[in-house]
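Asker:
Protein chains: 2
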Amino acid sequence: MNCQDRFGSILFKAEKCNLEEIDAAKVCSTYKKGEVVFQEGTYPFGIYCVNTGKIKLSHSGDDGREQIVRLAKPGDIIGYKALLSAERYTASAIALDDSSVCFIPKDLFMSILQKDANLSFEMMRIIASELRKAETKITHLAQKPVRERLAETLLFIKETYGVEQDGTTLNVRLSREEIANLVGTATESAIRLLSEFKKDGLIELQGKKIRLLNQEEITRTANLQD
Amino acid sequence: MNCQDRFGSILFKAEKCNLEEIDAAKVCSTYKKGEVVFQEGTYPFGIYCVNTGKIKLSHSGDDGREQIVRLAKPGDIIGYKALLSAERYTASAIALDDSSVCFIPKDLFMSILQKDANLSFEMMRIIASELRKAETKITHLAQKPVRERLAETLLFIKETYGVEQDGTTLNVRLSREEIANLVGTATESAIRLLSEFKKDGLIELQGKKIRLLNQEEITRTANLQD
DNA sequence: CCCGGCTCTTGACTCTTGTCATTTTTCCCC
DNA sequence: GGGGAAAAATGACAAGAGTCAAGAGCCGGG
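So the sequences go chain by chain: Y and L. If you're matching positions, the first sequence starts at 68 in the numbering used here and goes up one per residue. If you're matching positions, the second sequence starts at 68 in the numbering used here and goes up one per residue.
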């Protein structure tokens with residue numbers, strides 16, 4: 068699966084001529100696990116599209132603690148908010164795995180967006196759906212206890228990155244700190260609750276591997292109803 | 068200032084012909100304080116644009132507590148997320164004051180959006196900026212204590228609805244519960260902290276009137292740095 | 001004008017969650 | 001393979017924040 072294949076599930080919505088333009092101008096690079104694709108506080112020069120691998124997007128809070136606001140997977144576009152608002156990045160993008168990411172220069176992307184109603188329309192839908200999710204997250208952060216949010220986060224990770232062949236092991240390695248930063252809690256709290264989940268037979272832990280043993284019960288613990 | 072004047076600061080970006088079409092199809096209605104413009108869980112038939120007045124958008128959480136995710140003012144568009152994703156509303160819109168709101172039918176709006184790159188582009192920018200704010204809110208909810216969030220919320224309300232002629236009284240009447248739902252905390256906590264702020268000379272309280280006496284200090288309390 | 005039902009306020013208490021400190025484990029890199 | 005640093009786990013403690021309960025104040029409707 069090469070760069071072109073994967074590039075921009077969304078961007079395929081672009082008109083024919085634009086697609087070729089994009090193809091010509093894009094640059095694909097690879098990032099090793101832990102490498103920074105773009106850094107909070109800097110100005111954007113274009114947008115990125117995840118080709119292969121996994122990217123986390125995180126805000127760093129005042130005290131240096133980070134909050135992961137999004138997990139990106141192949142086909143996802145990242146870095147569009149800063150570009151669209153012509154401001155600095157408010158989040159950093161960091162590879163969770165070795166990843167391949169394509170870059171499209173700002174000018175090209177913006178000019179196409181302004182011409183191509185189809186593409187703008189699709190982008191709009193995507194962003195609207197992100198906003199929807201963000202608002203739900205706000206509500207849950209404000210109202211749900213950490214335990215429920217952790218369970219929800221485990222399900223979210225599964226939704227996003229899927230599982231390995233065994234059908235239960237989450238297909239991504241996250242540190243406890245990263246999990247905590249997804250949930251929005253202290254690392255120790257995340258660790259403690261993971262241990263509880265394990266004790267209760269909901270999950271199995273082997274290092275950074277997490278197996279969801281009893282998804283029913285995890286769902287119940289997450290207490291979702293919207 | 069009539070409906071037409073105010074209608075859709077954004078929609079003015081629409082092409083000329085579309086503007087007339089919109090003008091012809093739109094319907095303006097008034098809502099008394101407390102009345103519902105649209106209800107979480109129902110399907111959208113179009114979008115709304117706030118003409119005059121103030122509208123709150125709130126998710127209701129599992130336990131019935133509500134989380135206010137947005138405050139809309141004249142010129143703002145509401146109800147677009149559900150429309151764009153063709154799903155039910157995830158939030159309810161309720162008038163905080165007597166308000167006038169215009170409605171544009173779904174089909175018209177969607178067809179214009181798909182044809183008019185300019186409009187899609189503008190919508191996209193707006194939604195992207197909302198998303199930006201939402202993500203910052205997520206980080207703050209996860210990392211900041213209630214005291215700081217309350218201070219931040221007071222400043223946010225001022226930003227959104229401004230102040231009265233005296234230059235210090237917030238130009239909106241919110242119940243303590245609504246303030247709490249904006250901050251993401253219990254009503255009692257919000258009340259207690261407001262009392263503290265008052266004791267510390269940051270604000271003055273007279274019923275639902277809130278005067279920001281010492282904005283410097285409120286900003287410091289909010290502890291903003293992004 | 002007064003009653004009844006709100007919202008607001010305050011106090012007391014509980015408990016979830018965060019912080020700090022320490023130990024144990026893991027995992028690189030030499 | 002071993003040493004060392006980072007990550008994970010666990011315990012003890014503190015404190016922020018939520019809940020419950022009771023009283024005060026305010027407001028609209030009869």
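Built from N, CA and C at the ideal position, the CB exists for glycine as well.
#1: Closest Cβ-Cβ distance between F105 of chain L and chain Y: below 8 Å?
#2: I want to verify the contact list: residues of chain L whose CB lies under 9 Å from the CB of K123 of chain Y, in sequence order.
#3: Please compile the residues from chain Y whose C-beta is within a distance smaller than 9 Å of the C-beta of D165 of chain L.
#4: Mind checking whether K275 of chain L and R199 of chain Y have CB atoms under 8 Å apart?
#5: Locate the alpha helix (DSSP H) running through N248 of chain L, then write down its first and last residues.
#6: For a contact defined as C-beta to C-beta under 7 Å, what are the partners of S196 of chain L on chain Y?
#7: Following the continuous alpha helix (DSSP H) through T227 of chain Y, name the residue where it begins and the one where it ends.
#8: From this set, Y:I135, Y:L124 and Y:E263, which residue's C-alpha is nearest I312 of chain Y's C-alpha?
#9: Could you list the residues in the region 155-184 of chain L with a C-beta less than 8 Å from some C-beta on chain Y, going in chain order?
#10: Check the Cβ-Cβ distances between D233 of chain Y and every residue of chain L, and say whether any is below 8 Å.
#11: Are the C-beta of T286 of chain Y and some C-beta of chain L separated by less than 8 Å?
#12: What is the DSSP secondary structure of R278 of chain L, counted as helix, strand or coil?
#13: Relative to the C-alpha of Y110 of chain L, which candidate in L:S152, L:Y98, L:K121 and L:D130 has its C-alpha closest?
#14: Go ahead and label Q210 of chain L buried or exposed: buried means 16 or more other beta carbons lie within 10 angstroms of its beta carbon, across all protein chains shown.
#15: Quick one: is V103 of chain Y buried, meaning 16 or more other Cβ sit within 10 Å of its Cβ, or exposed?
#16: Can you find a C-beta in chain L that's less than 8 Å from the C-beta of R85 of chain Y?
#17: Less than 8 Å between CB atoms is the rule here; does M68 of chain L satisfy it with respect to chain Y?
#18: Give the interface partners of G251 of chain L over in chain Y, defined as CB-CB distance under 8 Å, in chain order.
#19: Count the C-beta pairs between the region 160-173 of chain L and the region 110-127 of chain Y that are closer than 8 Å, then say yes if the count reaches three, no if not.
#20: Closer than 8 Å by beta-carbon distance: list the chain L residues that pair up with F188 of chain Y, in chain order.
#21: Could you tell me whether the Cβ of Y98 of chain Y comes closer than 8 Å to any Cβ of chain L?
#22: Go through its chain and collect everything with a Cβ distance to T299 of chain L's Cβ below 7 Å, but skip five positions before and after it.
#23: Could you name each continuous beta strand (DSSP E) segment of 3 residues or more that falls completely within the region 107-140 of chain Y, going from the start of the chain to the end?
#24: So what's Q232 of chain L in DSSP terms, helix, strand or just coil?
#25: Please report the Cβ distance between N238 of chain L and V230 of chain L, rounded to the nearest whole angstrom; I am assuming they are in contact, meaning their Cβ atoms lie under 8 Å.
#26: By a C-beta neighbour count over all protein chains shown, 10 Å radius and 16 as the cutoff for buried, is G101 of chain Y buried or exposed?
#27: Reducing DSSP to helix, strand and coil, say where M68 of chain L ends up.
#28: For a contact meaning CB atoms closer than 8 Å, what does Y147 of chain L contact in chain Y?
#29: With a threshold of 8 Å between beta carbons, is A218 of chain L in contact with chain Y?
#30: If you compare alpha carbons, which of L:L272, L:R243, L:E263 and L:I194 is closest to E215 of chain L?
#31: Establish whether the CB of V94 of chain L and some CB of chain Y are separated by less than 8 Å.
#32: Should A91 of chain L go down as buried or exposed, given a rule of 16 or more other Cβ atoms within 10 Å for buried?
#33: Put A289 of chain Y into one of helix, strand or coil per three-state DSSP.
#34: Consider the Cβ of A201 of chain Y: report whether some Cβ of chain L lies at a distance smaller than 8 Å.
#35: What did DSSP end up calling I171 of chain Y once you bin it into helix, strand or coil?
Answerer: Taking the structure as given:
#1: Here residue 105 of chain L refers to the residue found at position 38 of the second sequence. At a cut-off of 8 Å between beta-carbon atoms, F105 of chain L makes no contact with chain Y.
#2: Looking up residue 123 of chain Y in the first sequence gives position 56. At a beta-carbon threshold of 9 Å, none of the residues of chain L lie near K123 of chain Y; the nearest stands roughly 13 Å away.
#3: Here residue 165 of chain L refers to the residue found at position 98 of the second sequence. Under the 9 Å cutoff, chain Y gives no residues; its nearest Cβ is about 26 Å from D165 of chain L.
#4: Stepping through the second sequence from its first residue, residue 275 of chain L is reached at position 208. Stepping through the first sequence from its first residue, residue 199 of chain Y is reached at position 132. Cβ atoms of K275 of chain L and R199 of chain Y: not closer than 8 Å.
#5: As a working mapping, residue 248 of chain L is identified with position 181 in the second sequence. N248 of chain L: member of the alpha helix (DSSP H) spanning R243 to V250, first to last residue.
#6: Within the second sequence, numbered from 1, the residue matching residue 196 of chain L stands at position 129. Simply S152.
#7: Position 160 of the first sequence, counted from the first residue, corresponds to residue 227 of chain Y. It spans V213 to Y228 - the alpha helix (DSSP H) in which T227 of chain Y sits, taken as one unbroken run.
#8: Since the first and last residues shown for chain Y are 68 and 293, residue 312 of chain Y lies out of range.
#9: Per Cβ criterion, the list reads T157, A158, L180, Q181, K182, D183 and A184.
#10: Against the first sequence, residue 233 of chain Y aligns to sequence position 166. Chain L has no Cβ within less than 8 Å of the Cβ of D233 of chain Y.
#11: Counted from its first residue, the first sequence places residue 286 of chain Y at position 219. Output row for T286 of chain Y: interface = no.
#12: Numbered from its first residue, the second sequence carries residue 278 of chain L at position 211. Correct three-state label for R278 of chain L: strand.
#13: As a position in the second sequence, residue 110 of chain L is number 43, starting the count at 1. Here the closest residue by C-alpha is L:S152.
#14: If you number the second sequence from 1, residue 210 of chain L lands on position 143. Buried is the call here.
#15: On the first sequence, residue 103 of chain Y is found 36 positions in, with the first residue counted as 1. When all chains shown are included, V103 of chain Y counts as exposed.
#16: Numbered from 1 along the first sequence, position 18 holds the residue referred to as residue 85 of chain Y. Here the sequence assigns Asn to residue 85 of chain Y, which means Arg is not the residue at that position. Not an interface residue.
#17: Counting from 1 along the second sequence, the entry for residue 68 of chain L is found at position 1. Reliability of the predicted coordinates at M68 of chain L is poor, the pLDDT of 40 falling under 50, and the value obtained from them is presented with this limitation in mind. No, M68 of chain L does not count as interfacial toward chain Y.
#18: Taking the second sequence and counting its residues from 1, one reaches residue 251 of chain L at position 184. Near G251 of chain L (Cβ distances below 8 Å), the residues of chain Y are I205, L208, A209 and Q210.
#19: No, because fewer than three Cβ pairs between the region 160-173 of chain L and the region 110-127 of chain Y fall closer than 8 Å, the two stretches do not touch.
#20: Position 121 of the first sequence, counted from the first residue, corresponds to residue 188 of chain Y. Within 8 Å of the CB of F188 of chain Y, the CB atoms of chain L belong to L180, Q181 and S187, in sequence order along the chain.
#21: Your numbering for residue 98 of chain Y matches position 31 in the first sequence. Output row for Y98 of chain Y: interface = no.
#22: Any property of residue 299 of chain L remains undetermined from this structure, which presents chain L solely from 68 to 293.
#23: Within the region 107-140 of chain Y, the complete beta strand (DSSP E) segments at least 3 residues long are 113-119, 122-127 and 133-139, listed from N- to C-terminus.
#24: Looking up residue 232 of chain L in the second sequence gives position 165. Residue state, collapsed to three classes: coil.
#25: Within the second sequence, numbered from 1, the residue matching residue 238 of chain L stands at position 171. Within the second sequence, numbered from 1, the residue matching residue 230 of chain L stands at position 163. Sure, about 5 Å apart at Cβ, within 8 Å.
#26: Numbered from 1 along the first sequence, position 34 holds the residue referred to as residue 101 of chain Y. Result: exposed.
#27: As a working note, residue 68 of chain L is residue 1 in the second sequence. In this prediction, M68 of chain L has a pLDDT of 40, which is less than 50 and means its spatial position is unreliable; nothing more can be read from the coordinates.
#28: Here residue 147 of chain L refers to the residue found at position 80 when the second sequence is read from its first residue. Residues of chain Y passing the Cβ test: A195.
#29: Position 151 of the second sequence holds residue 218 of chain L. Interface residue (Cβ-Cβ distance to chain Y less than 8 Å): A218 of chain L is not classified as such.
#30: For this step, residue 215 of chain L is matched to residue 148 along the second sequence. Selected option, being the one with the closest Cα: L:E263.
#31: For this step, residue 94 of chain L is matched to residue 27 along the second sequence. No, its Cβ sits nowhere closer than 8 Å to a Cβ of chain Y.
#32: Taking the second sequence and counting its residues from 1, the one referred to as residue 91 of chain L is at position 24. Flag for A91 of chain L reads exposed.
#33: Numbered from 1 along the first sequence, position 222 holds the residue referred to as residue 289 of chain Y. Assignment of A289 of chain Y by DSSP, reduced to helix, strand and coil, places it in the helix class.
#34: In the first sequence, the residue the question calls residue 201 of chain Y occupies position 134. With 8 Å as the cut-off, A201 of chain Y counts as an interface residue toward chain L.
#35: Taking the first sequence and counting its residues from 1, the one referred to as residue 171 of chain Y is at position 104. Three-state DSSP puts I171 of chain Y in a strand.
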